[in-house]
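First residue of the sequence shown? That's 1185 in my numbering, and the numbers climb one at a time after it.
Note that the Cβ used here is the ideal one computed from N, Cα and C, for glycine as well.
As the structure is a prediction and not an experimental result, all values here were calculated from the model.
Quick notes on the structure that follows.
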Amino acid sequence: MKSVRVLIVDDHPLLRQGLVKLLDLEDDIVVVGQASNGKEAIELAEQLRPEVVLLDINMPGMNGIEVAKILKKKQPSLGLLILTIHDDESYVNEMIRIGANGYLLKDAELSQVVRAIKQVAAGESVYPAHLMEKVMEHYHQLEIEYGRLQTTAAFNELTARELEVLRCIVEGMSNKEIASSLEISEKTVKNHVTSVFRKLDVEDRTQAAVYAVSRGVKPLD
């Protein structure tokens, strides 16, 4: 089985070293590098080409938000998994906007971190349910304040199948799971997902899910 290549970015050496030791116990995860600040993170990500970057927000000099923006601009397909102490929907909202693929708190169990790394590497999104509920409330409030209709021109452009795929994305399903659920090939799912992103003008599954739920799209029954 191919190992997931991970770069750890955190200014606390004990936390980095602890994560390295714990992740080294996993047969299908390999830590390819460590960075203690934003500059190192950007340089190592360019040199080592990890599949997933485990990124802290609080760092001296360049913080995790700035680093995330630069990394996503340089490597759009790079998996960004935020590992932070900030239990705040404003940070989650910002990371969704940037295109981060996941967000975990530092009190998470190791099993959660391992699972999240693998999910992000597989192209899935990982965000805490309680924080996503707050983010959704924020989006719903914006809808009320600006009087926007839940049915938009963007949604009107989606085909019936694309809408089904979008609802599966809202449920957090991978392309493989969507293909099985809708009884179509993974290649067809990938094509539909690409089309949905283009029509909704979003960059990833998390942004698509947030956009959809905030406008009243429900998961499949």
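field: Coil, strand or helix - residue 1343 by DSSP
entry: Working through the sequence shown from its first residue, we reach residue 1343 at position 159. The three-state reading of DSSP puts residue 1343 in coil, since its state is none of H, G, I, E or B.
Quiz item: Looking at the unbroken alpha helix (DSSP H) that takes in residue 1233, where does it start and where does it end?
Solution: Indexing the sequence shown from 1 puts residue 1233 at position 49. No residue range can be given for residue 1233, since it is assigned to no alpha helix (DSSP H) and is classified by DSSP as neither H nor E.
Open item on the list: Is it buried or exposed, residue 1305, if we count other Cβ atoms within 10 angstroms and call 16 or more buried?
Closed with: Here residue 1305 refers to the residue found at position 121 of the sequence shown. Per the 10 Å Cβ criterion, buried.
Worksheet item: Sorted by chain position, which residues of the same chain lie with C-beta nearer than 7 Å to residue 1202's C-beta, five sequence neighbours on each side aside?
Response: Position 18 of the sequence shown, counting from 1, holds the residue named residue 1202. Within the same chain, and ignoring the five residues on either side of residue 1202 in sequence, no residue has its Cβ closer than 7 Å to its Cβ.
TODO: Would you list the residues sitting across from residue 1219 in a DSSP beta bridge?
DONE: For the purposes of this step, residue 1219 is identified with residue 35 of the sequence shown, where counting begins at 1. For residue 1219, DSSP records a beta bridge to 1193.
Three-state secondary structure assigned by DSSP to residue 1275: Here residue 1275 is taken as the residue at index 91 of the sequence shown, counted from 1. Note: residue 1275 maps to helix in three-state DSSP.
Self-check item: Continuous alpha helix (DSSP H) stretch holding residue 1301: start and end
Solution: Start at 1 with the first residue of the sequence shown, and residue 1301 comes out as number 117. Unbroken alpha helix (DSSP H) run through residue 1301: 1294-1305.
Check: Near residue 1251, what residues of its chain come up, given a Cβ to Cβ distance below 8 Å and the 5 sequence neighbours on each side ignored?
Finding: Here residue 1251 refers to the residue found at position 67 when the sequence shown is read from its first residue. Excluding residues up to 5 positions away in sequence, 1193, 1222, 1225, 1226, 1239, 1243 lie with their Cβ nearer than 8 Å to the Cβ of residue 1251 in the same chain.
| request: Starting from residue 1269, follow the alpha helix (DSSP H) in both directions and report where the run begins and ends. | output: For the purposes of this step, residue 1269 is taken as the residue at position 85 of the sequence shown. Residue 1269 -> no alpha helix (DSSP H), and no H or E assigned at all.
(request) Check the DSSP bridge columns for residue 1213 and list the partner residues they point to. (result) Your numbering for residue 1213 matches position 29 in the sequence shown. 1188, per the DSSP bridge assignment.
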